[in-house]
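Below you'll find the structure, written out as structure tokens, and then a few comments.
In this note's numbering, the protein residues as written are 1 to 318.
Structure representation (structure tokens):
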């Protein structure tokens, strides 16, 4: 039973159905063995194949020849079997023959199967990646899902997006045990004290040029314990700062987690969550930066501001 439950959890994980806490529990407590990663990867590949079928308009309608073949097979099966005796017929009275029951629904059933499979894959949208401007190749059509050791990337991105939404709606959820400054000008110095020489204190943390102001910073468990979560919201004079107003979250961590550990330094990686929220990742001087936002254009511009002091400045995807 426990093994079956684990498989069910893995499938939900591959579909992006686990919430933030369930994802952290799966990754943090038990971890994933090679068989688990293979299982997740196969499920994602199946969704990709289903999506390809869904994208083909011809595949959403059952070909007449296939429908005729299926009908003929049922008719032949029915003709080849004798009628049931009285006792058997009492158990199935008022039931139409199988062919009669399902024949009208064959085309719709096949189309629905492709549609549902395609929708399941769509919720696990593959992630686009682009290398930085340091002369290395650009691989816009390569996905992080297919990169070594990153088959579970989407669930990790969804965990960031979930935490981003929760903290943006209720900033009291952000841990303030470090008593980080409430003034944006003092924040880089405090982060330098926390992270040491790895953090460049000249990093421009102020997003006022984009109409966003610094709200709060605190310790976070994403991607691992000891990370710092910095939250930005629209400035009061540009947009009402309601709980549902678009926000931007920046995570800084010395431990990159399962995903970023496989990514090279000084490159920008872009992605989308299953809900289409933009995610950007870059690694500089041993620190990993994760940026999540609600508005794609503003989030890309925030990358330009926050990475301005990087030695090989990553450029956002246009």
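Positions of the beta carbon are idealized from the N, C-alpha and C atoms, including for glycine.
Nearest neighbour of residue i, chosen from the options [CA to CA]
{"i": "residue 288", "options": "75, 294, 198", "result": "198"}
{"i": "residue 274", "options": "166, 180, 182, 156", "result": "156"}
{"i": "residue 257", "options": "227, 232, 280", "result": "227"}
{"i": "residue 178", "options": "190, 261, 171", "result": "190"}
{"i": "residue 285", "options": "39, 203, 225, 45", "result": "203"}
{"i": "residue 225", "options": "255, 196, 205", "result": "255"}
{"i": "residue 43", "options": "8, 72, 75, 71", "result": "8"}
{"i": "residue 301", "options": "176, 264, 205", "result": "205"}
{"i": "residue 290", "options": "12, 185, 253, 264", "result": "253"}
{"i": "residue 354", "options": "303, 186, 13", "result": "Because the chain in this structure spans residues 1 to 318, residue 354 falls outside the shown range and cannot be described."}
Residue i vs residue j beta-carbon contact at 8 Å
{"i": "residue 236", "j": "residue 212", "result": "no"}
{"i": "residue 207", "j": "residue 305", "result": "yes"}
{"i": "residue 188", "j": "residue 201", "result": "yes"}
Cut-off 7 Å between Cβ atoms - residues of its own chain near residue i, not counting five sequence neighbours on either side
{"i": "residue 69", "result": "none"}
{"i": "residue 294", "result": "246, 247, 277"}
{"i": "residue 36", "result": "10"}
{"i": "residue 292", "result": "160, 161, 164, 249, 277, 279"}
{"i": "residue 95", "result": "Summary for residue 95: the model assigns pLDDT 47, below 50, so the residue's position carries little reliability; its value from the coordinates is reported in the next sentence. Within the same chain, residue 95 has no close Cβ partners at all."}
{"i": "residue 171", "result": "215, 216, 231"}
Neighbourhood of residue i by C-beta, 8 Å cutoff - its chain only, sequence neighbours within 5 removed
{"i": "residue 3", "result": "none"}
{"i": "residue 229", "result": "163, 167, 174, 217, 218, 219, 220, 222, 249, 250, 251"}
{"i": "residue 72", "result": "none"}
{"i": "residue 296", "result": "278"}
{"i": "residue 185", "result": "206"}
Assumed close pair residue i, residue j - CB separation to whole angstroms, cut-off 8 Å
{"i": "residue 209", "j": "residue 231", "result": "Not quite, the Cβ-Cβ distance comes to about 17 Å (not below 8 Å), so this is no contact."}
DSSP bridge partner residues for residue i (one or two, in chain order)
{"i": "residue 252", "result": "228, 289"}
{"i": "residue 279", "result": "271, 292"}
{"i": "residue 220", "result": "227"}
{"i": "residue 284", "result": "287"}
{"i": "residue 164", "result": "Answer is none; residue 164 lacks a bridge partner."}
{"i": "residue 175", "result": "219"}
{"i": "residue 71", "result": "According to DSSP, which records beta bridges pairwise, residue 71 is partnered with nothing at all."}
{"i": "residue 234", "result": "212"}
Contact test: residue i Cβ vs the ligand MG heavy atom, cutoff 7 Å
{"i": "residue 254", "result": "What this structure holds is no ligand at all, so the ligand MG is not there to describe."}
6 Å Cβ shell around residue i - same chain, five flanking residues per side excluded
{"i": "residue 265", "result": "283"}
{"i": "residue 45", "result": "none"}
{"i": "residue 87", "result": "Unreliable placement is indicated for residue 87, whose pLDDT of 44 sits below 50; no coordinate value is reported for it."}
{"i": "residue 6", "result": "none"}
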